[in-house]
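Numbered per my numbering, the sequence shown spans residues 29 to 155.
From the three backbone atoms N, C-alpha and C, an ideal C-beta is built for every residue, glycine too.
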Amino acid sequence: MKTVFAAILGLALTASAASAGDYMSADEVKALFTGKTFDGVYLPKDKNFKAYEAPDGSHIVVNSRGKKSSGRQWSVNDKGQHCTTSKKWKEPRCTFVKDAGNGEYYKINNAGKHTHTLSNFRDGNQL
């Protein structure tokens, strides 16, 4: 019984490590976002948006109604997570980024939940 438990535990730990390896590195995340406009869907509310991540750290979002945000920032933390701020939040919100292929990227929160799908990355501020 102990052997079976140890084997199951080992598989679970290996699976967790493998999924963490699927996330993009800090350098890859910076290269993907810096100076780019992209389209996104916030999955929990099925909300579409467009965003631009300026080289100076400005994070500009245009929601599905055409309203443009102001005063927001973006960064990449030491875990390689893409972080954004909002006047509504006390702390930045950070998520891992996974390359899903076909030009799509998934934002994954610390609980492992897929929260955003991002696509159509293009150079410059095209908002």
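Helix, strand or coil, according to DSSP, for Leu146 in the structure here?
Within the sequence shown, residue 146 is the residue found at index 118, counting from 1. Of the three classes helix, strand and coil, the one that applies to Leu146 here is strand, per DSSP.
Do Val89 and Ala79 have their CB atoms nearer than 8 angstroms?
Along the sequence shown, read from residue 1 onward, the residue named residue 89 stands at position 61. Along the sequence shown, read from residue 1 onward, the residue named residue 79 stands at position 51. Contact flag set, yes.
Within 10 Å of its beta-carbon, does Leu155 have 16 or more other beta-carbons around it, so buried, or fewer, so exposed?
The sequence position of residue 155 within the sequence shown is 127, counting from 1. It is exposed - the Cβ of Leu155 has fewer than 16 other Cβ atoms within 10 Å.
Going by C-alpha to C-alpha distance, which of Val57, Ile136 and Phe149 sits closest to Asn130?
If you number the sequence shown from 1, residue 130 lands on position 102. Taking only the C-alpha atoms, the option nearest Asn130 is Phe149.
Name the one or two DSSP bridge partners that Lys78 has.
The residue labelled residue 78 in the question sits at position 50 within the sequence shown. Partner(s): Asp67 and Val90.
Please classify Ala128: does DSSP put it in a helix, a strand, or coil?
Within the sequence shown, residue 128 is the residue found at index 100, counting from 1. The answer is strand: DSSP assigns Ala128 an E or B state.
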